[in-house]
Amino acid sequence: MAYETIITETRGKVGLITLNRPKALNALNSQILAELVSAVNGFGADPGIGAMVVTGSDKAFAAGADIKEMQAISYVDAYSQDFFVGWEEFTRARKPIIAAVAGYALGGGCELAMMCDFIIAADTAKFGQPEITLGVIPGMGGSQRLTRFVGKSKAMDMCLTGRMMDAAEAERSGLVSRVVPAGELIEEAIRAAAKIADFSLPSVMMAKEAVNRSYETTLAEGLRFERRLFHSLFALEDQKEGMAAFAEKRKPNFTNR
Ligand code: HXC
Numbered sequence: 008m009a010y011e012t013i014i015t016e017t018r019g020k021v022g023l024i025t026l027n028r029p030k031a032l033n034a035l036n037s038q039i040l041a042e043l044v045s046a047v048n049g050f051g052a053d054p055g056i057g058a059m060v061v062t063g064s065d066k067a068f069a070a071g072a073d074i075k076e077m078q079a080i081s082y083v084d085a086y087s088q089d090f091f092v093g094w095e096e097f098t099r100a101r102k103p104i105i106a107a108v109a110g111y112a113l114g115g116g117c118e119l120a121m122m123c124d125f126i127i128a129a130d131t132a133k134f135g136q137p138e139i140t141l142g143v144i145p146g147m148g149g150s151q152r153l154t155r156f157v158g159k160s161k162a163m164d165m166c167l168t169g170r171m172m173d174a175a176e177a178e179r180s181g182l183v184s185r186v187v188p189a190g191e192l193i194e195e196a197i198r199a200a201a202k203i204a205d206f207s208l209p210s211v212m213m214a215k216e217a218v219n220r221s222y223e224t225t226l227a228e229g230l231r232f233e234r235r236l237f238h239s240l241f242a243l244e245d246q247k248e249g250m251a252a253f254a255e256k257r258k259p260n261f262t263n264r
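What follows is the structure, given as structure tokens:
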């Protein structure tokens, strides 16, 4: 499909999506949302793809929701259209998505990164929830997801003052999983995604589902859920293959797609 605000490529079993509105620092408007969701659904349905990477430019992952598009919206429109609800579809992706963040990840940009499964940051990355400076608050999950990532004190600090966090602080706080030199960001993210994509796809999807469940349920229910998923994996060829390969000291060849 031809997209105007994103670029999609495949690198082996990895689907790479690059946000591409350079003149607006990848501000997230309704078109970019629609295209991103379409690309993620497309890679999700492609049996040749095992994981995805979402990235932006060197200067900006995304500088937020598109302020110019949002500016004139009335309360009635915001409410009746349930403005921003479309992003929930992005979070329904079942294959892993890594956010590769360089430069600004602000407002909706930070929120989009947090909707991915984990974040790899360039040393140039800057995260923030500056909505308060615009007279609003985070609207794509920032107040909820950031708090779960970094805890109440830092989340309050970011949401109330609008200050940015650099890559080192983001790593220290648990917002990002690794920080790499800017020039190595894409390759590092693709390497991580390719590694995931070589594993058993159903196991990968269940691992994602199990970790995500921990945000939604009690420990006892989460443990039960994990155990049931674990049991079900014994129905797969990939479990037989993975364990046989270990015993035979060879590389596994996972085939369940
Ligand atoms: C629309 C944006 C934009 C945005 C940047 N641009 N961010 N357009 N929406 N979120 C546009 C600018 O208007 C400008 O267009 C061009 O991109 C380059 O930006 P500059 O400001 O000239 O660049 P620079 O001086 O380098 O500053 C970079 C920046 C700054 C610090 C990232 O652009 C900035 O503060 N942007 C807004 C960040 C923000 O507040 N994000 C949160 C949005 S609200 P022109 O045409 O002038 O060249 C949100 C959540 C919504 O995301 C939830 C609440 C409902």
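The numbering of the sequence shown is the numbering used here, which starts it at 8 and goes up by one. For glycine and all other residues, C-beta sits at the position ideal for the given N, C-alpha and C.
For Lys75, the shortest C-beta to heavy atom distance toward ligand 1 is below 6 Å. Unbroken alpha helix (DSSP H) stretches of 4 residues or longer found wholly inside the stretch 35-96: 37-52, 74-77 and 82-87, given in chain order.
Annotated as proximal: Gly135 and Met171, with beta-carbon spacing under 7 Å. Contact between the stretch 225-242 and the stretch 40-55 is absent: fewer than three C-beta pairs spanning the two stretches fall below 8 Å. DSSP places Arg198 in the uninterrupted alpha helix (DSSP H) bounded by Leu192 to Asp205.
Remark: C-beta atoms of Ala70 and Leu40 do not approach each other more closely than 7 Å. Shortest gap from the CB of Tyr82 to any heavy atom of ligand 1: 6 Å or more. Apart from sequence neighbours up to five positions away, the residues of its chain that approach Asp164 with a beta-carbon distance below 8 Å are Arg170, ordered along the chain. Leu35 and Val44 have their C-alpha atoms roughly 12 Å apart. Within its own chain, the residues whose Cβ lies closer than 6 Å to the Cβ of Ile139, once the five positions on either side in sequence are excluded, are Gly169, listed in chain order.
Rounded to whole angstroms, Ser221 and Thr98 show a C-alpha spacing of 15 Å.
A heavy atom of ligand 1 is found nearer than 6 Å to the CB of Gly114.
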